[in-house]
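Residue numbers (our numbering): 3 to 513. We put the CB at the ideal spot given by N, CA and C, even for glycine. Data first, discussion second: the structure below is written as structure tokens.
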């Protein structure tokens, strides 16, 4: 990261200073090519400032300066606001700093009288769309634009989870996870009913399969009561009443757990919000000025200007934070969760979970009868080799290198290598995965497991190797970042959206 006038400027991932590989200059956020030669060949001119009508095609380089004067864009020149040690590019307004990085200047943003929207939301998963929904509910008339890099909503974490509406029993009393999951579970059922989204309140069993797990089970009973969740303790005979094929020495039944289709929830949130949603709009650059606003450039060359930016980018939230010039103090380490479908779904009636290891934010391999009637087994938790690495064959060297360069990643590996080795074994061996399932469902064999789609969990990890165990929301200049929102974020999406919207509106009121 380099510093220019007005604050930090993050280097754009994928190339030094936003240049294309091989040194070819990239387009500026306003569409201007970053060399006079490129402009002479023809390119769109028009800054973050100026009207859309002022964006026009420039022909020969000989008329470049006269066109710039006509549309009111001044040519940058050396002056007291240039970065020390930097040198101006002759025509583009980019500044080359001593490190060799090229950063686009923000003098264009300063000329903007209006904006495209009040709030720009990056991320079209359930958290981003819930935030848009909450913004327009809390402040009708607020102009909201959602930018999603995929061609539809909820393509990653939201659309690749098990569809469980969590009760909140696992989470530390008073934490955001506990408060928002308990509240969110009830609200999610109401939302699904209002919009005719398939759902059911099924309840679930948390089952101890040996005496060593009884202490953890009793701790969950106490935690559930502290969180205001009704819990019923069961013996082996009572377990059989709920799940005849499940084995356990003790269990608890949590009646407020349910299931739904979170992709449909996300789609309805987006439609009901009234926000402008742009799909296929990957954010490549962010320009932020405290006194003026935020300008975002997308992969199709479009530039959008807003007063406040909300980062709900999920698996890429830390990268977006750095694009905005903020160092989040954490990194997303992606963990892939692999699932199988049970070939004999009649063996499971509802939701069955093991007693989780309190040292980890993962719930262990469990049994989930989904809204479609199928039964999924899983997930495990193994390091993914890409942010969107849904299989071992998906490797993105730049992303993997960034994960390995983060000190927290190595500290996790050293601290929890034994747990990680077990998860890796279950990933590469269907027999090992079957053994984990047999602890709960002893009557199955490897032949009962049918491979199903995997998901990736965006887990925030601190520099010291701590796995952030609560939702993490941070504010900065004209910006709100959602930096950790793994499970139960889908369950808690309505309360999370309201909290993010509240913070964004607070930033907006002071803008």
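Cβ shell of residue 477 (< 6 Å), same chain only, five flanking positions each side left out: Take residue 477, set aside five residues on each side of it, and the residues of its chain with a beta-carbon closer than 6 Å to its own are 505, in chain order.
Through-space distance from residue 169 to residue 187, alpha-carbon basis: Whole-angstrom Cα-Cα distance: 6 Å.
Simplified DSSP assignment, three categories, for residue 337: For residue 337, the secondary structure class from DSSP, reduced to helix, strand or coil, is strand.
Uninterrupted alpha helix (DSSP H) stretches inside the segment 302-384 (no shorter than 4 residues): You should have 319-325.
CA nearest to the CA of residue 213, picked from 237, 495 and 129: Measuring from the Cα of residue 213, the nearest candidate turns out to be 237.
CA-to-CA distance, residue 305 to residue 532, given in whole angstroms: With the chain covering only 3 through 513, there is no way to say anything about residue 532.
Neighbourhood of residue 345 by C-beta, 8 Å cutoff - its chain only, sequence neighbours within 5 removed: Answer for residue 345: 449, 450, 451 and 452, listed in chain order.
Where residue 509 falls: helix, strand or coil (DSSP): The answer is helix: DSSP assigns residue 509 an H, G or I state.
Inter-stretch contact at 8 Å, needing at least 3 Cβ pairs: the segment 282-294 / the segment 199-218: The segment 282-294 is not in contact with the segment 199-218.
Cβ-based neighbour list, residue 115, same chain, cut-off 7 Å, excluding 5 preceding and 5 following: With a pLDDT of only 45 at residue 115, under the threshold of 50, the placement of this residue in the model should not be trusted, and no figure is reported.
CA-to-CA distance, residue 372 to residue 250, given in whole angstroms: The alpha-carbon atoms of residue 250 and residue 372 are separated by roughly 22 Å.
First through last residue of the alpha helix (DSSP H) which encompasses residue 219: It spans 216-228 - the alpha helix (DSSP H) in which residue 219 sits, taken as one unbroken run.
Cβ neighbours of residue 132 in the same chain (closer than 7 Å, five flanking residues each side left out): Closer than 7 Å at Cβ, skipping near neighbours: 271, 495, 496, 498 and 499.
Between the CA atoms of residue 421 and residue 444 - distance to the nearest angstrom: In a straight line, the C-alpha of residue 444 is about 23 Å away from that of residue 421.
Start-to-end residues for the alpha helix (DSSP H) that takes in residue 137: That run of the alpha helix (DSSP H) goes 128-140.
Three or more C-beta pairs below 8 Å linking the segment 453-463 and the segment 402-419: When Cβ pairs closer than 8 Å are counted between the two stretches, the segment 453-463 is seen to touch the segment 402-419, the count reaching three or more.
Opening and closing residue of the alpha helix (DSSP H) in which residue 192 lies: Unbroken alpha helix (DSSP H) run through residue 192: 178-196.
Residue 368 and residue 360 closer than 8 Å at C-beta: Their beta carbons are not under 8 Å apart, which means residue 368 does not touch residue 360 by this criterion.
Counted within 10 angstroms of its Cβ, other Cβ atoms place residue 511 as buried (16 or more) or exposed: By the 10 Å Cβ count, residue 511 comes out exposed.
Residue range of the beta strand (DSSP E) that includes residue 255: Residue range 252-256 is occupied by the beta strand (DSSP E) that includes residue 255.
Neighbourhood of residue 315 by C-beta distance below 6 Å, restricted to the same chain and skipping five residues each side: Within the same chain, residue 315 has close Cβ partners 124, 125 and 322.
Whole-angstrom distance between residue 203 and residue 258, CA atom to CA atom: Taking C-alpha positions only, residue 258 is separated from residue 203 by approximately 7 Å.
Distance CB(residue 264)-CB(residue 382) smaller than 8 Å: Going by C-beta atoms, residue 264 is not nearer than 8 Å to residue 382.
Spatial distance of residue 488 from residue 166 (CA atoms): The straight-line gap from Cα to Cα measures roughly 13 Å.
Own chain partners of residue 177 with C-beta closer than 7 Å, once the 5 adjacent residues on each side are dropped: Here residue 177 has 472 as same chain residues with Cβ atoms under 7 Å from its own Cβ, once five neighbours each way along the sequence are excluded.
Inter-residue spacing [alpha-carbon to alpha-carbon] between residue 173 and residue 354: Going from the Cα of residue 173 to the Cα of residue 354 covers about 18 Å.
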